[in-house]
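Written out below as structure tokens is the structure these notes cover.
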Amino acid sequence: MKHYGAIEAGGTKFVCAVGTENGEIIDRLTIPTETPEETIGELTAFFSKYQLTSMGVGSFGPICVAKEKEEYGYITNTPKLAWKAYPFIPELEKRLGVPVSFTTDVNAAVLGEITKGAAQGLNSCLYITVGTGIGAGAIIGGELVQSATHPEMGHILIRRSPEDSFAGNCPYHSDCLEGMASGPALEKRWGKKGKDLAGETKVWELEADYLAQALMQYILILCPDKIIMGGGVMKQQQLFPLIRKKLSEYLNGYVDLPDLEDFIVPPGLGDDAGITGALVLALSAE
Ligand code: ADP
Ligand code: ZN
Numbered sequence: 093m094k095h096y097g098a099i100e101a102g103g104t105k106f107v108c109a110v111g112t113e114n115g116e117i118i119d120r121l122t123i124p125t126e127t128p129e130e131t132i133g134e135l136t137a138f139f140s141k142y143q144l145t146s147m148g149v150g151s152f153g154p155i156c157v158a159k160e161k162e163e164y165g166y167i168t169n170t171p172k173l174a175w176k177a178y179p180f181i182p183e184l185e186k187r188l189g190v191p192v193s194f195t196t197d198v199n200a201a202v203l204g205e206i207t208k209g210a211a212q213g214l215n216s217c218l219y220i221t222v223g224t225g226i227g228a229g230a231i232i233g234g235e236l237v238q239s240a241t242h243p244e245m246g247h248i249l250i251r252r253s254p255e256d257s258f259a260g261n262c263p264y265h266s267d268c269l270e271g272m273a274s275g276p277a278l279e280k281r282w283g284k285k286g287k288d289l290a291g292e293t294k295v296w297e298l299e300a301d302y303l304a305q306a307l308m309q310y311i312l313i314l315c316p317d318k319i320i321m322g323g324g325v326m327k328q329q330q331l332f333p334l335i336r337k338k339l340s341e342y343l344n345g346y347v348d349l350p351d352l353e354d355f356i357v358p359p360g361l362g363d364d365a366g367i368t369g370a371l372v373l374a375l376s377a378e
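Be aware that the sequence shown starts at 93, since it is given in the numbering used here, and climbs by one per residue.
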């Protein structure tokens, strides 16, 4: 039986998995993100137990996804300084001796969801994560949206609510979507962690407003058949109906959408969307 390796590389943890050609995961390991030397050392030890055919990686970033560039497979501009300009994929290929296919964490997640999750059978889908950061990956007409670079949909501008005086915490843009609606933004604005704000209606109405504005732009530009919303903040399930309501108010009947209950949904694979997609990538790297 052939074995394939998969990594979901995050800023706080790395999820590693070994799977079969059917996409079934047979072994996995989660390790905290340390320095590249430590983390790569640990995951090499894990994968070395198997004779891998190929590997797929969905990574935090920004990363270089352009195969023709010298920095292909590098993590480029992260605030995690030890990983900045780090030749992640070249290093993995060197240590493990297998071809590695590489994309962003959210691209891997949308690939996982369209192959085995809530968007199975569709041609177009958007996956957005609302967590420490905000990011989205899209497959449109069967293709991942990326070229010389990859989308950074978390940093779009949104219209500030007149009741909101929070300055925003994106180090690049202050009050972009990520600066206003990520988990750390919630915590900074309201003085408590997202999960401790569960019962506070005002918090989630404002959050849903900003996320609905973002979804409106994504829908108008990309026309996805489904939008999947994951990440820590979306564990607040009450956000889903609030987002659907705000979105229909913003769109105001201008575009025809399917029933919003089916259109905006949580990940069918739960927290495994990214690692499942990385395994799908591995199969394509063979
Ligand atoms: P990461 O983005 O680092 O991969 P997560 O998607 O879990 O990880 O996002 C972490 C962020 O989500 C933190 O800011 C955290 O406070 C917030 N978060 C995690 N769980 C919840 C929850 N149940 N409700 C609201 N916010 C949460
Ligand atoms: Zn920003």
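No residue lacks a Cβ here, since even glycine has one placed at the ideal position from N, Cα and C.
Residue nearest to ARG251 within the set SER376, ALA259, GLN305 is GLN305 (criterion: CA-CA distance). Within the segment 287-357, complete alpha helix (DSSP H) segments of at least 4 residues are found at 293-314, 331-343, 352-355, given in chain order. Cβ contact annotation for LYS159 (same chain, cutoff 6 Å, sequence separation greater than five): none. Listed as beta-bridge partners of MET147 by DSSP are GLY97, VAL192. In chain order, ALA109, GLY111 place their CB closer than 6 Å to the CB of ILE117, counting only its own chain and leaving out the 5 sequence neighbours on each side. The beta carbons of MET147 and LEU184 sit closer together than 8 Å. Excluding sequence positions up to five before and after TYR342, its CB lies within less than 7 Å of the CB of ALA304, GLN305, MET308, all in the same chain and listed in chain order.
Rounded to whole angstroms, SER216 and ILE320 show a C-alpha spacing of 11 Å.
Of the heavy atoms belonging to the ligand ZN, at least one sits nearer than 7 Å to the Cβ of GLY271. Residue side-chain check: HIS247 places its Cβ nearer than 7 Å to a non-hydrogen atom of the ligand ZN. Cβ contact annotation for GLY275 (same chain, cutoff 6 Å, sequence separation greater than five): GLY223, THR224, GLY286, GLY324, VAL325, in chain order. Rounded to the nearest angstrom, the gap between the Cα atoms of LEU214 and PRO254 is 38 Å. Within the same chain, SER146, MET147, GLY148, PRO191, VAL192, SER193 come within 7 Å of ALA377 by CB-CB distance, once the 5 residues on both sides are set aside. Three or more Cβ pairs closer than 8 Å define a contact, and the segment 200-211 meets that threshold against the segment 353-360.
Look at ARG120 here: in three-state DSSP terms it is strand. When only Cα atoms are considered, ASP197 and GLU292 end up about 30 Å apart. With 16 or more neighbouring CB atoms inside 10 Å of its own CB, ALA200 falls in the buried class.
Bounds of the beta strand (DSSP E) holding ALA109 are 105-111. One Cα belongs to GLU297, the other to ASP348, and the distance between them is close to 24 Å. Burial check for SER151: the Cβ neighbour count within 10 Å reaches 16 or more, so the residue is buried.
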